[in-house]
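Let me begin by presenting the structure, written as structure tokens, before commenting on it.
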Amino acid sequence: MSRLNIFEPFQSKEIWYEDQLTRAFLVVLRCSPLSLIIFYDYARDSVDKLLKQKRLETIIPSIDEFDLEKIQFETQRTNLKDLLSSQIVSVLITDEMFEPSKDITISERGARYDGVISFSGDLTLLIENKPNSYNIWEEQLHPSLISLANSDKEIELVKVPALLQWKVIIRKLSKLLSLNSINGTEKIIIEDFLEYIDNNFPSLNPYDNFALCKNYHPHLLKRARNILQSLARDENMVNYHRGWTNWYIETGFEEIPMIGLVIREENNQWSLLVELWFGDTMNQARSFYNSRIEWQAMMNLADRGWKLYANFHISHIQKHLIWLTTPPNNKEIYYNYWSQNIDKIRQYSKNDLLEYLDVLNGLGIIEVNEEIRIEIQEKIIHSNRNYFNACPGLGLVYEYSSMKAIELDKSDRLVPEIKNKILEGLSILNKAVNFFKS
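In my numbering, the protein residues as written are 1 to 438.
Here's what the structure looks like:
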């Protein structure tokens, strides 16, 4: 009995094993003609793109040139004698984009192929499935001489592979389900496959919306990253901040070099925050308060749901040491003080800093309680550091509950909403923003 008989799964391997994933996907391709068509077109487009880059003139036939009644599907095969065609394409399916270092050639290794699809004897796909790209051994993309040795056909080995990503395949299958042209058994088997992915290989999901993340923190972070990458003019502008433990987008502004899209979890609930922390270092703070922003501009944002935070902290070189709170009703006093005393945003010796903190405490700019006094003892008085930076930052945070974020994401409204919120937060600087895609 064929290993791809829908009622005959692998008995010796757990459901989360990658061979089970390959088998499940081949069952979908075998039973759903539309899935096979979109998979083949995706593979063909990938090969064509690499062929053009290398200026190779190999032609890969379109799927309408095959007799779809004469396609063979196999998994875990070593002997390819009855599956070989006049043209062979090596296919890699993985989680992240992989760049091979050399052209596809015949290998001396022995091989067991994860999947094989033979199209009417005209073209054969040799499929290597690696759900984790760090497990890729490039030699596995090169067909085995032993597998090809007994062929009586003249075989053309395409020199470039099809490099496919699971998240793109899943996205294409999900889109296919939305079409009115698919129904019945074909629709059920695709739905079952996507559910299988959710339950056993959730990291492969494209995270096109927060509902797919199942409230799992690593997946929520991936979705936040994907949102910023979809907005950024260049994906390299989106990076992970280890101290922040979240993703941010670079701005290029002196007052605020980065803006975070933050997943916060409290009491088994998560929320999504757009965070703008102006003046986070001494030099950034000088630039921010030199902008002479009207306090009313801050209040206007507060009226639109933004939360405003005084963010005074002491740092040494690039390390933040102590954060000091400001009385809740003194935020305007805090802002006006620093706007009028930009010369006080500077480096202080240890003794001068201790005296200045007492002055700020007396003015109501900061609060120095017993807990802070202990921190001052440990990190300033008893430290070997001699100089410290005063950093009077200011934060703007807009929060979406998990329910609201999921609701907006399901209706494709969250990404433009996040973009508008970032622009709204930056509007106080009166600068044109050009780091978003047009």
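Quick reminder that beta carbons are idealized off the backbone N, C-alpha and C, glycines included.
For Glu275, report the span of its beta strand (DSSP E) as first-last.
The residue labelled residue 275 in the question sits at position 275 within the sequence shown. Element bounds for Glu275: 269 to 278.
Pick out the complete alpha helix (DSSP H) segments inside the stretch 107 to 150, 4 residues or longer, and give them in chain order.
145 to 148
For Met258, which residues from the same chain have a beta carbon less than 6 Å from its beta carbon, with the 5 sequence-adjacent residues on both sides left out?
Position 258 of the sequence shown, counted from the first residue, corresponds to residue 258. Taken in chain order, the residues that qualify are Tyr248, Glu250.
Could you name each continuous alpha helix (DSSP H) segment of 4 residues or more that falls completely within the stretch 324 to 352, going from the start of the chain to the end?
331 to 340
Tell me the DSSP secondary structure of Arg223 in three-state form.
Residue 223 sits at position 223 when you count from the first residue of the sequence shown. Helix.
Leu261 (DSSP reduced to helix, strand or coil)
Stepping through the sequence shown from its first residue, residue 261 is reached at position 261. DSSP places Leu261 in strand when its eight states are reduced to three.
Can you find the residues in the same chain that come closer than 8 Å, C-beta to C-beta, to Leu176, ignoring five residues on each side of it along the sequence?
Taking the sequence shown and counting its residues from 1, the one referred to as residue 176 is at position 176. Closer than 8 Å at the Cβ level, and outside the excluded window around Leu176, lie Leu34, Ser35, Ile38, Ile182, Ile190.
With Gly393 as the anchor, note down where its beta strand (DSSP E) starts and where it stops.
The residue labelled residue 393 in the question sits at position 393 within the sequence shown. First-last of the beta strand (DSSP E) with Gly393: 387 to 401.
Once DSSP output is grouped into helix, strand and coil, what is the label at Ser46?
Locating residue 46 in the sequence shown gives position 46, where the first residue counts as 1. Of the three classes helix, strand and coil, the one that applies to Ser46 here is helix, per DSSP.
Closest by C-alpha distance to Met403, when choosing among Lys187, Asn215, Lys52
Counting from 1 along the sequence shown, the entry for residue 403 is found at position 403. Comparing Cα positions, the closest option is Asn215.
With a CB to CB cut of under 8 Å and the five nearest residues on each side skipped, what residues in its chain are close to Trp295?
Here residue 295 corresponds to residue number 295 of the sequence shown, with the count starting at 1. For Trp295, where only same-chain residues beyond five positions count, the Cβ hits under 8 Å are Glu332, Tyr335, Asn336.
Below 8 Å on the Cβ atoms is my contact criterion, and I expect Pro161 with Leu123 to pass it. Report the Cβ-Cβ distance as a whole number of Å.
Along the sequence shown, one-based indexing puts residue 161 at 161. Along the sequence shown, one-based indexing puts residue 123 at 123. About 14 Å separates the two Cβ atoms, so there is no contact after all.
What do you reckon, are the CB atoms on Asn135 and Asp114 nearer than 9 Å?
One-based indexing of the sequence shown puts residue 135 at position 135. One-based indexing of the sequence shown puts residue 114 at position 114. Not a contact, by the Cβ cut-off of 9 Å.
Any chance the stretch 320 to 332 sits against the stretch 342 to 355, with 3 or more Cβ pairs inside 8 Å?
no
Residue nearest to Val91 in terms of C-alpha spacing, selected from Val238, Arg30, Leu157
Residue mapping note: residue 91 aligns to position 91 of the sequence shown, counting from 1. Considering only alpha carbons, the answer is Leu157.
Any heavy atom of the ligand GDP within a distance shorter than 8 Å of the CB on Glu399?
This structure simply doesn't include the ligand GDP, nor any ligand for that matter.
Using the DSSP secondary-structure output, state which residues sit across from Phe253 in a beta bridge.
As a position in the sequence shown, residue 253 is number 253, starting the count at 1. Answer by DSSP bridge pairing: none, since Phe253 is not bridged.
Between Cys213 and Asn389, what straight-line distance do the alpha-carbon atoms span, to the nearest angstrom?
Your numbering for residue 213 matches position 213 in the sequence shown. Your numbering for residue 389 matches position 389 in the sequence shown. Near 41 Å, if we compare the C-alpha coordinates of Asn389 and Cys213.
Endpoints, the beta strand (DSSP E) within which Gln72 is located
For the purposes of this step, residue 72 is taken as residue 72 along the sequence shown, with counting starting at 1. Element bounds for Gln72: 71 to 77.
Which residue from Phe312, Asp67, Asp19, Met97 puts its Cα closest to that of Glu74?
On the sequence shown, residue 74 is found 74 positions in, with the first residue counted as 1. Comparing Cα positions, the closest option is Asp19.
Start-to-end residues for the beta strand (DSSP E) that takes in Leu92
Start at 1 with the first residue of the sequence shown, and residue 92 comes out as number 92. Its beta strand (DSSP E) spans residues 87 to 94.
Considering only DSSP beta bridges, list what Ser315 is partnered with.
Within the sequence shown, residue 315 is the residue found at index 315, counting from 1. Note: Ser315 sits in a beta bridge opposite His320, Asn389.
In angstroms, rounded to a whole number, what distance separates the CA positions of Met1 and Arg223?
Locating residue 1 in the sequence shown gives position 1, counting from the first residue. Locating residue 223 in the sequence shown gives position 223, counting from the first residue. Only weak support exists for where Met1 lies, its pLDDT of 46 falling under 50; the coordinates are left without a value.
For Val359, which residues in the same chain have their Cβ closer than 8 Å to its Cβ, ignoring the five residues on either side in sequence?
Taking the first residue of the sequence shown as position 1, residue 359 is located at position 359. Result list for Val359: empty, nothing under 8 Å.
Rounded to whole angstroms, what is the Cα-Cα separation between Ile293 and Ser427?
Stepping through the sequence shown from its first residue, residue 293 is reached at position 293. Stepping through the sequence shown from its first residue, residue 427 is reached at position 427. Roughly 10 Å separates the two Cα atoms.
Please state the DSSP three-state secondary structure of Ala432.
Numbered from 1 along the sequence shown, position 432 holds the residue referred to as residue 432. Three-state result, Ala432: coil.
Output the boundary residues of the beta strand (DSSP E) element that contains Val467.
For the chain, the structure presents residues 1 to 438; residue 467 sits outside this window and is missing.
So within the stretch 145 to 217, which uninterrupted alpha helix (DSSP H) runs reach at least 4 residues, ignoring any that extend past its ends?
145 to 148, 166 to 177, 184 to 200
DSSP-derived helix/strand/coil call for Tyr40
Numbered from 1 along the sequence shown, position 40 holds the residue referred to as residue 40. In this structure, Tyr40 counts as helix in the three-state DSSP scheme.
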